[in-house]
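Taking this note's numbering, the leading residue of the sequence shown gets 776, the next gets one more, and so forth.
A short worksheet on the structure shown next.
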Amino acid sequence: MRDFSQAPFLVIWEVTQACDLACKHCRASARPDRDPGELSLEEARATLRQIKDFGDPLLVFTGGDPLKRPDLFELLRESVALGLRTTVTPSATPLLTEDAVSRIQDCGVSRMAVSLDGADAAAHDSFRQVAGSYDRTMAALRHAARIGLETQINTTVTRHNMGSLDRIAQVVGEEKARLWSVFFLVVTGRASLADDLTAEEYEQVFEYLYQTSLTASFDIKTTEAQHYRRYVAQRRKAQGGGAGPRMAGAPAGIIQRQAGINDGKGFLFISHTGEIFPSGFLEVSAGNVRRTPLQQAYCDSGLFRVLRNSDALVGKCGGCEYRNLCGGSRSRAFALTGDYLESDPRCSYVPASAA
């Protein structure tokens, strides 16, 4: 398992919180207008150089809607020129034109991600609360396919769409997306506790994702469902495949790449105003890029160091034999208990030590 003490595997950069959608689950509680406290172009360029100092992390430009920054394409080009593996997640608004998709490709980014939270326009647009969002998502995916820009589809699982995941997965395949990134709700921003699944329903979704991953034409990864790794390891162990570094098979490859990654552990989030968080869903700051070197915050801050120490976990996560592979969602623990070292309340597994 990789050592994430010196550098993250993944950096998510919220370049703006401005967005013209009003999604029911929005972590950022995004709004139409840009925050005057956003990092300036020069500050953003300096931040890119600091990210590059980590080596070669995967960098995701997100928001809000990144297209609300007029200097987005300039920043994308600079990120690619620095040698960073660069992706971007625009929102499906009138700003996401064919020309915008083509410009994203021209910048040299490796992948564009768009969100799909319903299998048809009625379901998706209700979730995003803006008519036409579904059609714009489909148009962007199809134009990207025509010009050869790799895509991924992000879906947030809630009570509203749990029953239609099979239909959403069908769209992912039909639109030739390379990856289906499945997010599990953390009750922050506009997200409602009533929209979240129970721990038992999480396991049902895990079973669906596992079975789908065995035959799908696309990869599947999860976000804020670290215990999906535990689920896959259990399934493979039961089938005699083990859970070690030589795991083979469709779900195992993704699990191997994600092994051990958690909020603050292989994962770093930079807010639109430069705050350095372990995750966008765990808004506890270790400093600000305007004042604190990024490497110092990630490598040396007490916050990030304790989040990387699985022995610091409490409750059943602390005694779980899967704590290094999984570790539970630190963001969800914080959102639901107020303690980011507590057990993930949406995990139904009983560790061997507690059985």
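Where a beta carbon is used, it is the ideal one built from N, C-alpha and C, also for glycine.
Bear in mind the structure is a predicted one, so any value in this text is a computation, not a measurement.
Per the DSSP calculation, methionine 887 is bridged to which residue(s)?
Within the sequence shown, residue 887 is the residue found at index 112, counting from 1. DSSP, once it has assigned bridges, lists Val863, Thr926 as partnering methionine 887.
Between the stretch 880 to 899 and the stretch 854 to 871, do at least 3 Cβ pairs fall closer than 8 Å?
yes
I'd like to know whether the C-beta atoms of leucine 834 and glycine 1049 end up nearer to each other than 8 Å.
Residue 834 sits at position 59 when you count from the first residue of the sequence shown. Residue 1049 sits at position 274 when you count from the first residue of the sequence shown. Contact flag unset, no.
Consult DSSP for serine 939 and reduce its assignment to one of helix, strand or coil.
On the sequence shown, position 164 is the one that residue 939 refers to. Helix.
To the nearest angstrom, report how far apart methionine 1022 and lysine 996 are at their CA atoms.
Against the sequence shown, residue 1022 aligns to sequence position 247. Against the sequence shown, residue 996 aligns to sequence position 221. Residue placement at methionine 1022 is poorly supported in this model, since its pLDDT is 38, which falls under 50; the coordinates still yield a value, given next. C-alpha separation (whole angstroms): 16 Å.
Verify whether the separation of the beta carbon atoms of leucine 968 and valine 962 is less than 8 Å.
Counting from 1 along the sequence shown, the entry for residue 968 is found at position 193. Counting from 1 along the sequence shown, the entry for residue 962 is found at position 187. Cβ atoms of leucine 968 and valine 962: closer than 8 Å.
Could you pull out every residue in the same chain whose Cβ sits closer than 6 Å to the Cβ of isoleucine 928, ignoring the five residues on either side in sequence?
Here residue 928 is taken as the residue at index 153 of the sequence shown, counted from 1. Excluding sequence neighbours, isoleucine 928 sits near Leu891, Val947, Ala952, Trp955.
Using the C-alpha atoms, what's the distance from glutamine 792 back to isoleucine 826?
Reading the sequence shown from its first residue, position 51 is the one you call residue 826. Reading the sequence shown from its first residue, position 17 is the one you call residue 792. If I take the Cα positions, the gap works out to 20 Å.
Are the stretch 1113 to 1124 and the stretch 1087 to 1105 touching by the rule of at least three beta carbon pairs closer than 8 Å?
yes
Spatial neighbours of leucine 842 within its chain, please: CB distance less than 8 Å, with the 5 preceding and 5 following residues excluded, ordered by chain position.
For the purposes of this step, residue 842 is taken as residue 67 along the sequence shown, with counting starting at 1. Closer than 8 Å at Cβ, skipping near neighbours: Pro865, Ser866, Thr868, Leu870, Leu871, Ala875.
If we call anything under 8 Å between Cβ atoms a contact, is tryptophan 788 one with phenylalanine 829?
Mapped onto the sequence shown, residue 788 falls at position 13. Mapped onto the sequence shown, residue 829 falls at position 54. Taking 8 Å as the Cβ cut-off, tryptophan 788 and phenylalanine 829 do not qualify as a contacting pair.
Check whether the Cβ atoms of valine 905 and valine 932 sit closer than 8 Å, and answer yes or no.
Taking the first residue of the sequence shown as 1, we reach residue 905 at position 130. Taking the first residue of the sequence shown as 1, we reach residue 932 at position 157. No, these two residues do not count as a Cβ contact at 8 Å.
Report yes or no: do three or more beta-carbon pairs, one from the stretch 779 to 787 and one from the stretch 1041 to 1057, lie closer than 8 Å?
yes
Where does aspartate 971 sit, in a helix, a strand or coil, going by DSSP?
In the sequence shown, the residue the question calls residue 971 occupies position 196. Coil.
Which runs of the beta strand (DSSP E) fall wholly inside the stretch 970 to 1008 and span at least 3 residues, in chain order?
Fully enclosed beta strand (DSSP E) runs of 3 or longer: 994 to 998.
Within the same chain, show all residues whose beta-carbon is closer than 6 Å to that of glutamate 1058, passing over the 5 residues directly before and after it, in chain order.
Taking the sequence shown and counting its residues from 1, one reaches residue 1058 at position 283. Within the same chain, glutamate 1058 has close Cβ partners Phe1052.
Whose CA, out of Ala1008, Arg1065, Arg1004, lies closest to the CA of asparagine 1037?
As a working note, residue 1037 is residue 262 in the sequence shown. That would be Arg1004, whose Cα lies nearest to the Cα of asparagine 1037.
Taking all protein chains shown into account, do 16 or more other C-beta atoms lie within 10 angstroms of the C-beta of serine 1085, making it buried, or fewer, making it exposed?
Locating residue 1085 in the sequence shown gives position 310, where the first residue counts as 1. Under the 10 Å beta carbon count, serine 1085 is surrounded by 16 or more other beta carbons and is classified as buried.
Could you give the first and the last residue of the continuous beta strand (DSSP E) run that contains threonine 837?
Translated into positions along the sequence shown, residue 837 becomes position 62. Threonine 837 -> beta strand (DSSP E) spans 833 to 837.
Starting from leucine 1043, follow the beta strand (DSSP E) in both directions and report where the run begins and ends.
Start at 1 with the first residue of the sequence shown, and residue 1043 comes out as number 268. Its beta strand (DSSP E) spans residues 1042 to 1045.
Mark glutamate 999 as exposed unless 16 or more other C-beta atoms lie within 10 angstroms of its C-beta, in which case mark it buried.
Along the sequence shown, read from residue 1 onward, the residue named residue 999 stands at position 224. Burial call: buried.
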